[in-house]
Structures are given as structure tokens and as C-alpha cells.
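*Asks:* Oh and the sequence shown: position 253 is 253 in full-length UniProt numbering, straight run, nothing missing.
Glycine included, C-beta positions come from ideal geometry on N, C-alpha and C.
Treat the numbers as computed from the prediction; the structure is a model and nothing was measured.
Questions regarding the structure given below will be posed in turn.
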Amino acid sequence: MDLKHQTINTHLSNLSSQSHTTRLAALRHLRLLSNQDPAARPIISAAGAIPHLLDALFSSSHSIQDNAAATLLNISISDRLPLLSTHHLLDAIAHLLSRHATSSSPNAVQSAAATLHCLLSFVPEFRPTVGARSDVLHSLIGIIESSDSPRRSVKDALKASFGIALHPPNRAIMVRLGAVSALFHLVAKERIKKIGIMEDATAVIAQIAGCEESEKAFREVSGIPLLSSLLECEGSSLRTKENAVSGLLNLVRCSGEETVMEVREKSVSVEALDGIVYVQEHGSAKGKSKAVALLKLVFDGGSSCNKNCGDLYPVEPDS
Numbered sequence: 001m002d003l004k005h006q007t008i009n010t011h012l013s014n015l016s017s018q019s020h021t022t023r024l025a026a027l028r029h030l031r032l033l034s035n036q037d038p039a040a041r042p043i044i045s046a047a048g049a050i051p052h053l054l055d056a057l058f059s060s061s062h063s064i065q066d067n068a069a070a071t072l073l074n075i076s077i078s079d080r081l082p083l084l085s086t087h088h089l090l091d092a093i094a095h096l097l098s099r100h101a102t103s104s105s106p107n108a109v110q111s112a113a114a115t116l117h118c119l120l121s122f123v124p125e126f127r128p129t130v131g132a133r134s135d136v137l138h139s140l141i142g143i144i145e146s147s148d149s150p151r152r153s154v155k156d157a158l159k160a161s162f163g164i165a166l167h168p169p170n171r172a173i174m175v176r177l178g179a180v181s182a183l184f185h186l187v188a189k190e191r192i193k194k195i196g197i198m199e200d201a202t203a204v205i206a207q208i209a210g211c212e213e214s215e216k217a218f219r220e221v222s223g224i225p226l227l228s229s230l231l232e233c234e235g236s237s238l239r240t241k242e243n244a245v246s247g248l249l250n251l252v253r254c255s256g257e258e259t260v261m262e263v264r265e266k267s268v269s270v271e272a273l274d275g276i277v278y279v280q281e282h283g284s285a286k287g288k289s290k291a292v293a294l295l296k297l298v299f300d301g302g303s304s305c306n307k308n309c310g311d312l313y314p315v316e317p318d319s
């Protein structure tokens, strides 16, 4: 056994110590090692550290939570299978996230949300599993809508939510749990405070627009006028405008004629049309195709708009 394996095994054995100081020192070493040496991550997993790291998320100590969650995040970057095969992964993450406003460390909450985002991005099969956990979804939405949540935690919660919404059946669940209201409230606040997460928030909005349940939820928060105003706003980034186009188009594809007419009405202003055309001319390939489809909806009544809620491709947020 080489020195690296011996060192990791020593730290692992110390995770079971009755001494808080010893456990914390071991976690700090594992966090540092998993951060600085990618080759150490599979060794840490193979040594059996993951169950201990997950157990540490239940600790009342913020230092324990921080180092355990950061180590799990580092492992999720390149050694995902051992994490996914550990049965109480979501139980531990749900416990930590659900206490984001009380006993959980903000840094640990951020790391846990980022771990979810990483796993959801690279393992599509994990998306329905997470979507079935309403406690996880509810906690992510709570982080997004809380005015006390740190910006970085909100950003990672948005990215995790985006990954969850990539699985079509999850969208309706997110809507029922209040995601639409939380997201549009965040967008409205972001326009005033400029805290740098507009692109992430509108990316999730664009995704969850692709379900029938969103029609009523969007209407209740005046979502269509708000998305249209993002197209009109000179301060909106290209990515935000792409997401607004995607959200409006996806909503139309899953809604009734009343919503289609409202989207047409809100998109015919000179400023909104300029925003759509700007996306058509300067956006990504997907953004351009969606802008063309939205322009057709505006000018010919959407005869070419395919009503398909299960196969939507909104613009992804920056990583």
C-alpha cells in the first residue's frame, strides 16, 4: 500500500473517533486532498469514506458540515458512481438543505446544492430520483425565495433546480411546490439589486414553462409581461433574452389559446420585437431557432408552433 492510500485510510479511521477535534482534522485533510489531487478522489471513495461524509452532514457543527460537504462536492466532480450508489445520499442532502435558514452552515448548503447540480448535469438517470424527493425540491425553492440566502447558495440552488427540471415530469412537481412564484420574485428583485443571477433564474423559468401546470402559475405572477419586459430591456444580457424567448415559446407550446394570444400581444411592441430579433441575429443556435419560432407566432398566429411539452431545449445557464 502506497503512502497516499495509507494517509487516506488513516484519515478515514479518524472519522469514527469520539473526539470532535480528531474528526474535524480528518475531514479537513480529506477536503484538502480531494481538492488538490483529483486522483485521490476515487481512492477516498473506494476506502469507504462516503457514508461517513454523509453522516457528517447531520452534525450540529458547522465546521464538520462545511468540510464534509466540500469533500463530497469534490468527489462528485470526477467520481460520481460511488455517491449515487450510497443509499442515504439524498436523505443527508435533504436534511442539510431543509435547515438552510436555521442550523445548517451556509457554506455547506452551497456545497450540497452544487453537488446536486454536478450529479444532475452528468447523470440524467438521477433526475427522476431527485424529482421524486419533494423535500429536496421544497428546500431548493426555499433557498431561492429566501431573502437571507447568500448569493452563491441561490446560484447553486438555481443550477440544481435547472438540472431537476431537465426531466419533464419534474416540472409540474416544481410548479406545484411554488417554484414559479419564487423564481419570478427573484427575477423582479434581481432587476433592482443586480446580484448577478438573472441568467440562472430565467434559465429555470424557461425550463419549467414547458408543462401544462405553468400556464396558470405564470398568469398568477404576471409572468408573460415580465418575460416580455426582459426582451425590451437594454440591460438584459443576450443569455437572459434567449431564456425569455425560450420561456415564452415553451409556455405557448403547453398552453391554451388565451395564453397564446397574450404572448402575441406582449411581443408586438417595438422594444420586444427588437429583443427577439437581436436573439435571432446574435444568439446561440438554439436561441436563434427559438427566436424564429416566436417571431412566426407573433406574425402568423403560430401555425408553425409545435405543441409538444415533452421535448424542450431551453438555454442553459453558465456553469
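Could you tell me how far apart the beta carbons of A244 and L227 are, in whole angstroms, since I believe they sit closer than 8 Å?
*Replies:* Right, their Cβ atoms sit about 5 Å apart.
*Asks:* Find the nearest neighbour of S121 within the set E145, R80, H100, judged by alpha-carbon distance.
*Replies:* Closest option to S121, Cα to Cα, is R80.
*Asks:* Less than 8 Å separating the beta-carbons of I224 and A182?
*Replies:* No, these two residues do not count as a Cβ contact at 8 Å.
*Asks:* Determine the direct distance from the alpha carbon of A49 to that of S269, and round the result to whole angstroms.
*Replies:* One C-alpha to the other measures close to 58 Å.
*Asks:* Exposed or buried, K241, counting other C-beta atoms within 10 Å across all chains shown (16 or more means buried)?
*Replies:* Buried: at least 16 other Cβ atoms inside 10 Å.
*Asks:* For A70, collect the residues of the same chain with a Cβ closer than 6 Å to its Cβ; drop the 5 residues on either side in sequence, then sort them by chain order.
*Replies:* So the list reads R31, S111, once near-sequence residues are dropped.
*Asks:* Just the C-alpha distance for P38 and A114, rounded to the nearest angstrom, thanks.
*Replies:* Cα-Cα distance, rounded: 17 Å.
*Asks:* Which of helix, strand or coil does DSSP assign to D311?
*Replies:* Note that D311 scores 45 on pLDDT, short of 50, meaning its location in the model is unreliable; the coordinates nonetheless yield the value given after this. Reduced to three states, the DSSP call for D311 is coil.
*Asks:* Less than 6 Å between C-beta atoms, sequence neighbours within five positions excluded: which residues of the same chain meet that for A94?
*Replies:* Here the set comprises D135, V136.
*Asks:* Using the three-state DSSP reduction, which class does V268 fall into: helix, strand or coil?
*Replies:* The answer is coil: DSSP assigns V268 none of H, G, I, E or B.
*Asks:* By how many angstroms is the C-alpha of V279 removed from the C-alpha of residue 323?
*Replies:* A question about residue 323 goes unanswered here, because the residues of the chain that appear run from 1 up to 319.
*Asks:* Is it right to say E190 is buried, meaning 16 or more other beta carbons lie within 10 angstroms of its own, or is it exposed?
*Replies:* With 16 or more Cβ atoms within 10 Å of its Cβ, E190 is classed as buried.
*Asks:* Is it right to say K290 is buried, meaning 16 or more other beta carbons lie within 10 angstroms of its own, or is it exposed?
*Replies:* K290 should be labelled buried.
*Asks:* Would you identify the three-state DSSP class for E199, choosing helix, strand or coil?
*Replies:* E199 falls in the helix class under three-state DSSP.
*Asks:* For a quick check, are the C-beta atoms of C211 and A172 less than 8 Å apart?
*Replies:* Yes; because the gap between Cβ atoms is below 8 Å, this pair is in contact.
*Asks:* Say whether chain B places a C-beta atom closer than 8 Å to the C-beta of I276.
*Replies:* Chain labels in this structure do not include chain B; a single protein chain is all it has.
*Asks:* Leaving aside the five residues before and after I43 along the sequence, list all residues of the same chain whose C-beta is less than 8 Å from its C-beta, in chain order.
*Replies:* The answer, listed in chain order, is K4, H5, I8.
*Asks:* In chain order, what residues of the same chain have a beta carbon less than 6 Å from the beta carbon of N170, not counting five sequence neighbours either side?
*Replies:* G131, I164.
*Asks:* Helix, strand or coil for G256, going by three-state DSSP, please let me know.
*Replies:* In this structure, G256 counts as coil in the three-state DSSP scheme.
*Asks:* Compare the Cα-Cα distances from N107 to each of D156, F184, T259 and report the closest residue.
*Replies:* With distances taken between Cα atoms, N107 lies closest to D156.
*Asks:* Straight-line CA distance for L251 to S214?
*Replies:* So the alpha carbons of these two residues sit roughly 7 Å apart.
*Asks:* Verify whether the separation of the beta carbon atoms of A179 and S161 is less than 8 Å.
*Replies:* Taking 8 Å as the Cβ cut-off, A179 and S161 qualify as a contacting pair.
*Asks:* Let me confirm a value: D200 is counted as buried when at least 16 other C-beta atoms fall within 10 Å, else exposed. Which label applies?
*Replies:* Label assigned to D200: buried.
*Asks:* Give the straight-line distance between the Cα atoms of Q18 and S139, rounded to the nearest whole angstrom.
*Replies:* Each residue's alpha carbon lies about 31 Å from the other.
*Asks:* Can you tell me whether DSSP reads H20 as helix, strand or coil?
*Replies:* Of the three classes helix, strand and coil, the one that applies to H20 here is helix, per DSSP.
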